[in-house]
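Numbering (the UniProt record's numbering), first residue to last: 1 to 637.
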């Protein structure tokens, strides 16, 4: 219907002034808005019907003679949820303060009782009751109901308009806090600027090191027995099973005795070990420079260097073991030349005391305990020297240890990830230390033959001949992989050292193929790229198992080389298959996690990003997300 111009322009007459309005009493004439219920009873929720709201019983349940129950925890109004959150945080704060007070007290029976409750996974209510905390109703429905009702009483149910002075009631949506930071008189925690790691967590307060050892008389850096025990436990969990430079039981026994004249434990060895162990710790006490994550363990390392200068190159087992650990620390710092130099010193000292040369064998009969430690140390030196020689493509001829690896003994220990997580319960598993030693020695024996290829290449042997001679060590490495548990078999019962051993063999294949690369022979280059890509992809599969089982917070330092090598290989193979993309993404996760602890890994990650930009490579979206925002993925399993 069209409106005519005349009708559209019609003006209505103005209204005459009405009588003056009288202000009626607000108590009787004010019209309130209809009440809106924010939660329904469980019966109405299930029936998807309208509920008249609290208090029980509601009208619908009364008419149908149904049991009516309201669950306050499902009330999602912001003011009620915030009030409930405040109550829960207050309860946990009270529990933490009571727990700290109990731990500080001299009441040993009470202390033991609380620790037993924590170990037995008692509920918060039981722990709070034991320590005398007022917060004894964690998650109790009645408490939640009281908190909800209190919130309603304090803030009211009905929003009203702005008053004349512009002040709103707390129930107005614009004044309801949506986070603790917005709640009046409640500030976000302010942690010391000097150390962002200094947050005290309940997990750390409840932490019990696997091994309790004294700080004195072994180190001058700290007198904190807990810190030293914490670091020693980290070392024997994440580093020692993968390297085994010393005998775990003998070392711990002698360290507990505190005898500085021990043949198996010295201040130099302890400080070197603590320096290496610090790379696995988030404690602010291991930082030599506050806020500098790359300064972990430097105080212990400087103390070890000072003690080494005092030793004056005295060749004995603890000094050799300390040098091996210092070599690892230098390597973690990215100081490869320094690491190689220290390793060369350890090799020479090992030869001086007769670990390799038959002519230098001690004439006096050694005790079985000493013979076992000598054998473990000899194979530790031998493995380390052979692996670094191949990685650096150096020739370092070293005879086999005079003692067979089986003389290291069959003693094994239980293994469990330390520190224990409050979220996941881990069963103890065999550490499989004898198997790791045997498997590593098998790889090292093959690497000795690979060194011969480096020598022949330097002498000008043709690449056809090199490829022919490389078939024998390649087949032996492949046979080793077939003999050792496969990736699916490891996944059923994974421990990091078993995964690492397979990764070490894959690294040996990559290093072997690297020797055979010849840019002027495209056929050889394509073959080399194929084998290296497959090895890098399987490495990522092993790392994925570690990620799923133990997260990314604690990663054995021996994995660092595999991660950076795999990234450099796969960044050029991203267009070949989805498997390469997935492997590259997994390596990015590990690389980014390790970059927070090892500076040279951070430089490798930066190098990969620059290379991708320079070559205009299309990185997987997941890898881009990890590079751009490493905090968006969890380091927990």
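Yeah, the Cβ is synthetic: ideal placement off N, Cα and C, and Gly gets one too.
Everything numeric in this text was worked out from a predicted model, so none of it was measured.
First and last residue of the alpha helix (DSSP H) that includes residue 351? 336-352
Classify residue 460: buried if its beta carbon has 16 or more other beta carbons within 10 angstroms, exposed otherwise. Counting the other Cβ atoms within 10 Å of the Cβ of residue 460 gives fewer than 16, which makes it exposed.
My parser needs the beta strand (DSSP E) runs of 3 or more residues fully inside the segment 512-579; what are they? Entirely contained in the segment 512-579, not one beta strand (DSSP E) run reaches 3 residues.
For chain D, check one thing: does any of its Cβ atoms lie closer than 8 Å to the Cβ of residue 458? The structure shown contains no chain D; it holds only a single protein chain.
Can you list, in chain order, the stretches of the alpha helix (DSSP H) that have 4 or more residues and sit fully within the segment 78-128? Restricting attention to alpha helix (DSSP H) runs no shorter than 4 residues, the segment 78-128 encloses them at 78-104 and 108-119, ordered along the chain.
Using DSSP with H/G/I as helix, E/B as strand and the rest coil, what is residue 414? strand
4 or more residues per run - each alpha helix (DSSP H) lying fully within the segment 204-260: Listed in chain order, the complete alpha helix (DSSP H) runs (minimum 4 residues) inside the segment 204-260 are 225-234, 240-243 and 248-257.
Would you report the Cα separation of residue 576 and residue 604, rounded to the nearest angstrom? 23 Å
Please report the Cβ distance between residue 282 and residue 222, rounded to the nearest whole angstrom; I am assuming they are in contact, meaning their Cβ atoms lie under 8 Å. Contact doesn't hold; Cβ gap of about 16 Å is too wide.
Spatial distance of residue 318 from residue 612 (CA atoms): 46 Å
Touching by the beta-carbon criterion (3+ pairs, under 8 Å), the segment 492-502 and the segment 522-536: no
Only counting the same chain, and skipping five residues up and downstream in sequence, which positions put a Cβ closer than 6 Å to that of residue 193? Low per-residue confidence applies at residue 193: pLDDT is 33, beneath 50, and the placement is therefore not dependable enough to give any value.
Looking at the secondary structure, which residues open and close the alpha helix (DSSP H) in which residue 373 lies? 368-392
Candidates 89, 118, 67 and 61, of which the one nearest residue 420 by Cα: 118
In its own chain, which residues sit with a C-beta less than 6 Å from the C-beta of residue 256, not counting the 5 before and 5 after it? 213
To which residues does DSSP link residue 429 through a beta bridge? 415
Residue 233 and residue 209 look like a contact to me (Cβ under 8 Å); what is the Cβ gap, rounded to whole Å? 4 Å
Per-residue DSSP class, three states only, for residue 609: helix
For residue 102, count the other beta carbons within 10 Å of its own beta carbon; 16 or more makes it buried, fewer makes it exposed. Which is it? buried
Check whether the Cβ atoms of residue 280 and residue 238 lie closer than 8 Å to each other. yes
Output the distance between the C-alpha atoms of residue 228 and residue 320, rounded to the nearest integer angstrom. 22 Å
Are there 16 or more other CB atoms within 10 angstroms of the CB of residue 441, so buried, or fewer, so exposed? Buried: at least 16 other Cβ atoms inside 10 Å.
Close-in-space but distant-in-sequence residues of the same chain around residue 254 (CB under 7 Å, 5 per side omitted): 262, 264 and 265
Sequence-distant residues of the same chain with beta carbon closer than 7 Å to residue 259, five excluded per side: none
One or two residues paired with residue 296 in a DSSP bridge: 287
I need the DSSP call for residue 23, collapsed to helix, strand or coil. The predicted position of residue 23 is uncertain, since its pLDDT is 39 and thus under 50; no value can be drawn from it.
Residues near residue 300 in its chain [Cβ-Cβ closer than 6 Å; skip 5 each side]: 221, 271, 274 and 275
For residue 620, which residues from the same chain have a beta carbon less than 6 Å from its beta carbon, with the 5 sequence-adjacent residues on both sides left out? 581 and 585
Round the Cβ separation of residue 639 and residue 395 to the nearest angstrom and send it over; I've been treating them as touching at under 8 Å. Lying outside 1 to 637, the shown extent of the chain, residue 639 is not represented and no answer is given.
Best match in 597, 565 and 252 for proximity to residue 583 [C-alpha to C-alpha]: 565
Take residue 313 and list the residues in its own chain whose beta-carbon comes closer than 6 Å to its own, dropping the five residues that flank it on each side. Excluding residues within five positions, none has a Cβ falling inside 6 Å.
Is it true that the CB of residue 342 sits closer than 8 Å to the CB of residue 323? yes
When we look at the beta-carbon of residue 483 and count the other beta-carbons within 10 Å, is it buried (16 or more) or exposed? exposed
Anticipated Cβ contact below 8 Å, residue 69 with residue 41, distance rounded: 6 Å
Using a Cβ-Cβ cutoff of less than 8 Å, which residues in the same chain neighbour residue 466 once the five nearest sequence positions on both sides are dropped? 453, 456, 457, 515 and 516
Where do the N-terminal and C-terminal ends of the alpha helix (DSSP H) with residue 40 fall, by residue? Segment: none, residue 40 is in no alpha helix (DSSP H) and carries neither H nor E.
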